[in-house]
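Colleague: Once you've had a glance at the structure underneath, I'll fire off some questions.
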Amino acid sequence: MRPPFRVNPHTKNQLHRMRLFTAWLCCAVLLFAGRFAIGSEQNDLIDSLAEELRDRKTVAQAIDTIVSSSSEKKGEWLEFILEGKLYVRKSDNKVVSVVKSDGGFTLSAASNDEALGEAGKRDVSKIKINNKLRAKLRAALAQLALSNPDPEKRLEAVEQMLSKLDDDKAEAISKLSATESDPDVKEMMVLAGSVHALENGSKEEQLSAIASLGVNTRSIVSQRLQVLSESEDADIAAAAAESLEKIQKRISIFEKVETVLFGLSLGSVLAMAAIGLAITFGVMGVINMAHGEMIMLGAYCTWFLQYMIPGFIEYSLIVAIPLAFTVTFLVGMVIEFLVIRHLYGRPLETLLATFGISLLLQQSVRTLVSPQNVPVSNPSWLTGQIHIDPALSIAVNRLVIFFFCIAVFMVLMWLLRRTFFGLKVRAVSQNRQMARAMGAQSSRIDAMTFGLGAGIAGVAGVALSQLTNVGPNMGQAYIVDSFMVVVFGGVGNLWGTLLAGLSLGVANKFLEPWVGAVVAKILVLVFIILFIQRYPRGLFPQRGRAAGN
Amino acid sequence: MMGTLLRGDRGGQVLLTVLAICAVVMPMCNLMLPVEHPWHVSTYQLNLFGKYLCYALLAMSVDLVWGYMGFLSLGHGAFFGLGGYAMGMYLMRQIGDRGVYGNPELPDFMVFLNWESLPWYWWGFDFFPVALIAVFLVPGLLAFIFGWLAFRSRVNGVYLSIISQAMTYALMLAFFRNEFGFGGNNGLTDFKDILGFPISAQGTRVALFVASAVAVIAGYLLCRSIVQSRAGRVVVAIRDAEDRARFLGYRVESYQLLVLVISAMLAGLAGALYVPQVGIINPGEFSPLNSIEIVIWVAIGGRATLYGAVLGALLVSFSKSWFTAVLPDYWIFALGALFVLSTLLLPAGVAGITRRRVTST
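Going down the list, the sequences are from chains A and B. By my numbering, the letter at position 366 of the first sequence is numbered 381, and the numbering carries on one by one without gaps. By my numbering, the letter at position 210 of the second sequence is numbered 317, and the numbering carries on one by one without gaps.
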């Protein structure tokens, strides 16, 4: 066991011993007492340096000591010194941080943030530094941030420095980049070096930096290149301008990619909403005006689940999908049983009756739940962005919804193409009389089909609950859109529906920046109306006998 | 002339008689009897009834295309709204410099939006004849374009219905925009005068009521004359067997187009009479729900009878007023149930009940 000792900061040897001691203490305390004690033990360092910090001659040395210490608060201290907020209390040589209040100072201990009350100007003395020391402090702070053990933090630090690089920071970065292990951070550090060279390097350095930066789409690079393109040196100006043009081209391509991705996610929502309608319309020739309300019910299932089991948000969607499907499937079956089958062969009356049902469902939700929107939370795995390039990032939920739509579509295709139920559905949709003659119970098939269409709308509702507000009116907007998608794609053709949904979504998003969201929607509607005039049976018309009548 | 038109149309005879009596008696009860008299009709009631008469005219126009031609229009609210806007624009111009901003050149909302001058499509609306022409022309033109495109490529059935809904939906979105120059969200309101008479005065209200009643009677006779004409019979034939009518050599789309345009003009007239009586027109009139409510009037009253449409419009509108006053939360339930039950249990509407009773006795 080491004897207890008093720190005598004037000898380097003892300092070394102290650091050894703290390291030893670190291990010991980590094992027995948790982290709180380490901080405080190391944080006392600042008070032990009080004398040195007060003296102009030794302050540099003291700062060195702080920099090389392992205290977790050293970043904070260095910043305070730089900002001139660190003082020493004359009465007990305690280092304090200071907030100026009227007349006096409000002190708090630098070591543990303990509030030490008010003090007069004469009770404390400021730790004074000169410009040379300031530069040193900045470099030390940069280095500190750059040597954070967490690569994410390091990346963040370099990114922050990018916009206000100075020689000290650039030097710190270039030193550390040699030993950096994380490839992302290293790349960023090299980038920072190049950006700095663009501004401050010699002609050769600038040219090579322009070349090495290539088509980087960060805004800081464009800014710097913009400055350089107006440079007096013709070579540099030309190189910068050329590089800049390439970068702008690349950014505009990324913008288009982003629009397409946005459009695809909107389109997959449209497609999902429309697929259910396509099934019922294709098989039964019936428009279900309550289809939007099935979407709404699906979304409310999500809300209900989250409301009943609040601690279950992360996985609620996975449970909500089968729940919403079951609920809306049953509701659909009931509607078919009570209303639709009695109106067989009268599609216009069916349209009116199902519209009545949609009013009833909306008003029931308004009465039973609330006329206001209900909150549906997003699980954490659906939030956030995937950064592909500084100029291109994708929201996770939009990506997931796209793939979810594809998955739903695949399951449905399998159901219709590969199962006996699907065979019967297709038979009834192609020729009802003949299918019945062959033993398909068309009334049961109708009920199941209608339920299936409603169920898929419910699943679409779960997806939609992650993108938009969930309220009693949310379904209304989708009936016209879904029908347009079905008609555009060609009735009775699910591939057509999928393609039509996706392409309409993309078209909508491409039009939006030009003409605004509402006009874009009007234009798409008008386009479809005109399209149907020309091709009344849609993009992919059904061929053969089923196309008759 | 009227006799031949109404021959064999008992419902129509009764309806027109009652309407004609109302048109004479109700204004008299309003103007001549003192307020405390039990037979006194208040101006408010008269105004309300006038509003319902506009609905009746609108319902009739829908019956013409749905009952007789088989086109379930979910977009007639668009024609009604356009007629209403045409009238509203005239009424806006009549305000002159009495608006909040006192600008004699521009309506208030344009001043508010910092518009420099009147857009071209507002020109001429200071003059009543121009507005009156627009009331018929604008809905008629829209119906002509829509019908020409749709009928020529033989779009029918639910396709046609949904496209008509999309049409009114698109118009609603458009009219909600401020830059379209029709007052955006708030629409046109704050009217002062019509033809020089103050719009909220008792006499004006009575005149508007009488005008509505006359319009319904005239519209009924017009529809009846169409239905009874050769063209009307061809249209019914198209409804029942479109291909056969075509193979017999009739130009199906021309007949359909003619009827649709006339129907749209009637709807426009209904809108034009409606706006001065309610004092406002806004994009809400274009909402798909409004259009589909018109259809339910016709369904309740009974299709292809014309008088059924009038009856249905009056019945449903009265019950809507009653419900929204007494049980406001349940009106939507009642409306939804009306849709379901009328299609399931009353395929021929109220007119069907009376007709069945007449034939069974």
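Ideal placement from N, C-alpha and C gives every residue a C-beta, glycine not left out. Every value quoted in this text rests on a predicted model; they were computed, and no experiment measured them.
Taking G294(B) as the reference, give the member of I388(B), Q384(B), L155(B) with the closest Cα.
Modeller: Taking only the C-alpha atoms, the option nearest G294(B) is I388(B).
Colleague: Give me the Cα-Cα distance between T194(A) and K201(A), rounded to the nearest whole angstrom.
Modeller: Looking at the two C-alpha atoms, the distance is approximately 9 angstroms.
Colleague: Could you work out which residues of chain B lie near R549(A), taking near to mean beta carbons separated by less than 8 angstroms?
Modeller: Within 8 angstroms Cβ-Cβ: S260.
Colleague: Quick one: what does DSSP say T232(A) is sitting in, helix, strand or coil?
Modeller: Here T232(A) sits in coil by DSSP.
Colleague: At the level of alpha carbons, what is the spacing between C136(B) and G490(A)?
Modeller: Those two C-alpha atoms are separated by around 48 angstroms.
Colleague: May I ask which residues mark the beginning and end of the beta strand (DSSP E) holding Q400(A)?
Modeller: Segment 400 to 404, the beta strand (DSSP E) holding Q400(A).
Colleague: Measure the alpha-carbon distance for A339(A) versus W318(A) and round it to whole angstroms.
Modeller: The straight-line gap from Cα to Cα measures roughly 10 angstroms.
Colleague: Where do the N-terminal and C-terminal ends of the beta strand (DSSP E) with F120(A) fall, by residue?
Modeller: Unbroken beta strand (DSSP E) run through F120(A): 120 to 124.
Colleague: Anything in the stretch 360 to 374 of chain A with a Cβ closer than 7 angstroms to a Cβ of chain B? List those residues in chain order, please.
Modeller: So the close ones are P362, L363, E364, L366, L367, A368, F370, G371, I372, L374.
Colleague: Assuming P394(A) and I328(A) make a contact with CB atoms under 8 angstroms, what is their CB distance in whole Å?
Modeller: That pair is a contact at about 6 angstroms.
Colleague: Does DSSP put F304(B) in a helix, a strand or coil?
Modeller: Three-state result, F304(B): strand.
Colleague: In the stretch 70 to 156 of chain A, which residue ranges form an unbroken beta strand (DSSP E) of at least 3 residues, counting only runs that do not cross its ends?
Modeller: Within the stretch 70 to 156 of chain A, the complete beta strand (DSSP E) runs of at least 3 residues are 101 to 104, 109 to 115, 120 to 124, 130 to 134, 139 to 141.
Colleague: Return helix, strand or coil for A54(B), following the three-state DSSP convention.
Modeller: No information on residue 54(B) is available, as it lies outside the stretch 108 to 468 that chain B covers here.
Colleague: Report buried or exposed for F47(A), applying the criterion of at least 16 other Cβ atoms within 10 angstroms of its Cβ.
Modeller: Bear in mind that the predicted position of F47(A) carries a pLDDT of just 46, short of 50, making it unreliable; the figure below should be weighed with that in mind. Burial call: exposed.
Colleague: Between which two residues does the beta strand (DSSP E) carrying A281(B) extend?
Modeller: Looking at the DSSP string, A281(B) is not in any beta strand (DSSP E); the run it does join, the alpha helix (DSSP H), is 264 to 283.
Colleague: Pull up the distance between the alpha-carbon of V313(B) and that of L155(B), whole angstroms please.
Modeller: One C-alpha to the other measures close to 11 angstroms.
Colleague: Counting pairs of beta carbons, one from the stretch 393 to 408 of chain B and one from the stretch 172 to 187 of chain B, are three or more of them closer than 8 angstroms?
Modeller: Cβ pair count under 8 angstroms is three or more, so yes.
Colleague: Considering only their Cβ atoms, is the gap separating A472(A) from F352(A) smaller than 8 angstroms?
Modeller: Contact flag unset, no.
Colleague: With DSSP collapsed to three states, give me the class of V384(A).
Modeller: The answer is coil: DSSP assigns V384(A) none of H, G, I, E or B.
Colleague: Are G504(A) and F555(A) closer than 8 angstroms when you measure CB to CB?
Modeller: Yes, Cβ-Cβ distance for G504(A) and F555(A) is below 8 angstroms.
Colleague: Thinking just about the alpha-carbon of each residue, which of L222(A), A157(A), P337(A) is nearest to the one in K252(A)?
Modeller: Lys is not the amino acid found at residue 252(A); the sequence shown has Ala there. Closest option to A252(A), Cα to Cα, is L222(A).
Colleague: Can you have a look at S63(A) and say buried or exposed, based on whether 16 or more other CB atoms are within 10 angstroms of its CB?
Modeller: It is buried - the Cβ of S63(A) has at least 16 other Cβ atoms within 10 Å.
Colleague: Under 8 angstroms between C-beta atoms, does V380(A) make it to chain B?
Modeller: So no, V380(A) is outside the interface.
Colleague: Using 10 angstroms around the beta-carbon of K184(A), count the other beta-carbons present and answer buried if the total reaches 16, otherwise exposed.
Modeller: Buried, by the Cβ-count rule.
Colleague: Near T461(B), what residues of its chain come up, given a Cβ to Cβ distance below 6 angstroms and the 5 sequence neighbours on each side ignored?
Modeller: Result list for T461(B): empty, nothing under 6 angstroms.
Colleague: So, helix, strand or coil for F47(A), using DSSP?
Modeller: Because F47(A) sits at a pLDDT of 46, beneath the cut-off of 50, its placement in the model cannot be relied upon, and the following sentence gives the value as read from the coordinates. Note: F47(A) maps to helix in three-state DSSP.
Colleague: Contact criterion: CB-CB distance below 8 angstroms. Does F418(A) meet it with respect to chain B?
Modeller: Cβ-Cβ to chain B under 8 angstroms: no for F418(A).
Colleague: Note down the Cα distance separating K158(B) from G375(B), rounded to an integer number of angstroms.
Modeller: Cα to Cα, K158(B) sits roughly 14 angstroms from G375(B).
Colleague: Have a look at A75(A) and Y102(A) and give me their C-alpha separation to the nearest angstrom.
Modeller: Roughly 16 angstroms between the two C-alpha positions.
Colleague: Could you tell me the distance, in whole angstroms, from the CA atom of A422(A) to the CA atom of G409(B)?
Modeller: Whole-angstrom Cα-Cα distance: 47 angstroms.
Colleague: Might you give, ordered along the chain, the residues of its own chain that have their beta carbon closer than 8 angstroms to the beta carbon of A561(A), omitting 5 neighbours on each side?
Modeller: Per-residue confidence for A561(A) stands at a pLDDT of 48, beneath the threshold of 50, marking its modelled position as unreliable; the derived number appears in the next sentence. If we look at A561(A) and ignore the five residues flanking it on each side, its Cβ neighbours are S444, Q445, N446, G507.
Colleague: Using a Cβ-Cβ cut-off of less than 7 angstroms, give me the residues of the stretch 339 to 360 of chain A that come near chain B, in sequence order.
Modeller: Cβ contacts with chain B come from V354, H357, L358.
Colleague: Thinking C-beta only, is M309(A) closer than 8 angstroms to A469(A)?
Modeller: Against a cut-off of 8 angstroms, the Cβ pair of M309(A) and A469(A) comes out as a contact.
Colleague: Would you kindly report the start and end of the unbroken alpha helix (DSSP H) that includes A492(A)?
Modeller: Where A492(A) is concerned, the enclosing alpha helix (DSSP H) stretches over 491 to 504.
Colleague: Terminal residues of the continuous beta strand (DSSP E) containing S572(A)?
Modeller: No answer is possible for residue 572(A): the residues shown for chain A start at 16 and end at 564.
Colleague: Mapping DSSP to helix, strand and coil, what is L367(A)?
Modeller: Looking at L367(A) - three-state DSSP - the assignment turns out to be helix.
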